[in-house]
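In the working numbering, the protein residues as written are 2 to 165.
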């Protein structure tokens, strides 16, 4: 009886140890979102136009499991925008810098290769989108939509190529 209990304890301990090791290695695995993504303008759709002149989206993993996002783009009229935020991809709103149109952003991981976000200003959503990284990790695409202050509704379909 004591021998059987010792064997069961050994099996339970070994199973727990293996589970913890697998969780630790999973946590160390880089997210498919991490990298520098450059907009492929030729494969993207802008309704209404004009299309952006450029768009670079940098996602870096930070301590504690969150992500630091930096978004730089040049609008069709030549004006530039630099957005910056750090979020845990847990759906909680965090401050956003660099935007006159939005003051906070919520990012939620939908599945291992998809995330969605919502930008808000004065507690009202002003822009939202969902993006998915391809199985080979070379592209990321998704839709982004919103409403301008004058009521104009817009919808873009972005296709990004991974640069690193």
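The C-beta atom is built at its ideal place from N, Cα and C for all residues, glycine as well.
This structure is a prediction, so every number in the text was calculated from the model and none was measured.
> Using 8 Å as the Cβ pair cut-off and three pairs as the minimum, do the stretch 135-145 and the stretch 99-108 touch?
Replying inline: no
> How is residue 61 classed by DSSP in three states: helix, strand or coil?
Replying inline: strand
> Which residues mark the beginning and the end of the beta strand (DSSP E) in which residue 158 is found?
Replying inline: 154-163
> What is the residue span of the beta strand (DSSP E) that residue 117 lies within?
Replying inline: 115-122
> From this set, 156, 162, 161 and 163, which residue's C-alpha is nearest residue 50's C-alpha?
Replying inline: 156
> Which residue's Cα is closest to the Cα of residue 149: 97, 48, 37 and 62?
Replying inline: 48
>> Suppose you measure from the CA of residue 161 to the CA of residue 40; what does that come to, to the nearest Å?
In response: 4 Å
>> At the 8 Å Cβ level, is residue 139 part of the contact set with chain B, yes or no?
In response: Chain labels in this structure do not include chain B; a single protein chain is all it has.
> Just to confirm, are residue 130 and residue 118 a CB contact at a threshold of 8 Å?
Replying inline: yes
> Helix, strand or coil: how does DSSP classify residue 50 here?
Replying inline: coil
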